[in-house]
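Please read the structure below before turning to the comments.
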Amino acid sequence: MKNKILLTLFVLTISLPAFASAYWVDVKGSGKINEPVSIELCYGSMDEQGVRHRDTAKELLLAGDFYFSIIDSQGKKQELQFKMEKDHWLAVYVPQQEGQYRIIGFNDKHPVIDRSANGGKNVLPIDYITAVYTVGDTLITAIKPVQKLDLTVLNQDGKITVKAFLDDKPSKYGTKLRVFNPENWEKELTLDANGEAVFYPTMKGLYIIRQDWIEPASGTYQNIAYSSKRHRCNYFLLWK
Numbered sequence: 033m034k035n036k037i038l039l040t041l042f043v044l045t046i047s048l049p050a051f052a053s054a055y056w057v058d059v060k061g062s063g064k065i066n067e068p069v070s071i072e073l074c075y076g077s078m079d080e081q082g083v084r085h086r087d088t089a090k091e092l093l094l095a096g097d098f099y100f101s102i103i104d105s106q107g108k109k110q111e112l113q114f115k116m117e118k119d120h121w122l123a124v125y126v127p128q129q130e131g132q133y134r135i136i137g138f139n140d141k142h143p144v145i146d147r148s149a150n151g152g153k154n155v156l157p158i159d160y161i162t163a164v165y166t167v168g169d170t171l172i173t174a175i176k177p178v179q180k181l182d183l184t185v186l187n188q189d190g191k192i193t194v195k196a197f198l199d200d201k202p203s204k205y206g207t208k209l210r211v212f213n214p215e216n217w218e219k220e221l222t223l224d225a226n227g228e229a230v231f232y233p234t235m236k237g238l239y240i241i242r243q244d245w246i247e248p249a250s251g252t253y254q255n256i257a258y259s260s261k262r263h264r265c266n267y268f269l270l271w272k
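Using the working numbering, read the sequence shown as starting at 33 and increasing by one per residue.
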């Protein structure tokens, strides 16, 4: 199954309606040893045809607050250094061996989502990003969680098994996940007792798998009070 799934991406975004602006990651590479992989962190929107358009608004500048690293198949972790380009942030990595490379990102510096004007409760968003990039003929296999809130994906001949984690343990039975297909239609998944759920991609393109967890922790950030923290884990699955 050489490069059947060249990469799988998990990206964090703010809660926004369909076609609204959001962050995403593009990973571009040949899937071969010693050939560079470009990792592009972008900000923009999706049109009605499912095409993503990059933006250069201030949110792109704020994307520089993400901290990224890559973990090779032996478990060695290395920080990724990003530089800002015209319409994205770019990091380049050269894989030295076959296997699965996991790209992870974290951002706890987003401003508080202030809902006080409408009588709502303020929330501090915390975002996680992960991606699996495959080099060589290695099959994508089960992956252990490496972040506080995490998702992993296992492909078995078109059957996608999603595993959700919180604090290195399977997420709670009955937890709801959301899957957005390439046309941005939404489907809800429910975790079983093992913290797993299954779905089948029906078309080629980008699928976003999302897990949210609300932490009942209050505080103040940048002089704005919040009543809880919203941890969000989005996984991008590029189906070919």
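Here a beta-carbon is modelled for each residue, glycine too, at the ideal position from N, C-alpha and C.
Which residue from Gln81, Val185, Leu92, Glu67 puts its Cα closest to that of Val57?
-> Comparing Cα-Cα distances from Val57 to each of Gln81, Val185, Leu92, Glu67, the minimum goes to Leu92.
Can you say whether His142 is buried or exposed, counting buried as having 16 or more other CB atoms within 10 angstroms of its CB?
-> By the neighbour-count criterion, in which 16 or more other beta carbons inside 10 Å mark a residue as buried, His142 falls on the buried side.
Provide the residue span of the beta strand (DSSP E) that contains Glu130, from first to last.
-> No beta strand (DSSP E) holds Glu130; DSSP gives it neither H nor E.
Taking the DSSP output, what are the residues bridged to Leu221?
-> Partner(s): Leu209.
Kindly list the residues whose CB is nearer than 7 Å to the CB of Ile145, restricted to its own chain and excluding five residues on each side of it in sequence; keep chain order.
-> These residues qualify, in order along the chain: Asn154, Val155, Pro157.
Excluding five sequence neighbours on each side, which residues of the same chain lie with their C-beta closer than 8 Å to the C-beta of Ile256?
-> When the five nearest sequence neighbours on each side are left out, the beta carbons in the same chain lying within less than 8 Å of the beta carbon of Ile256 are those of Pro143, Val144, Asp146, Asn154, in order along the chain.
Cα-Cα separation between Trp252 and Asp140, rounded to whole angstroms | The identity of residue 252 in the sequence shown is Thr, whereas the question assumes Trp. Between Thr252 and Asp140, the C-alpha separation is close to 13 Å.
Across which residues does DSSP place Asn139 in a beta bridge pair?
-> Note: Asn139 sits in a beta bridge opposite Asp159.
Would you tell me roughly how many angstroms separate the C-alpha atoms of Asp159 and Asp189, rounded to the nearest one?
-> Looking at the two C-alpha atoms, the distance is approximately 30 Å.
Kindly indicate which residue of Gly206, Phe114, Pro214, Ser260 has the alpha-carbon position closest to the one of Gly152.
-> Selection Gly206, Phe114, Pro214, Ser260 evaluated against Gly152 yields Ser260 as nearest (Cα-Cα).
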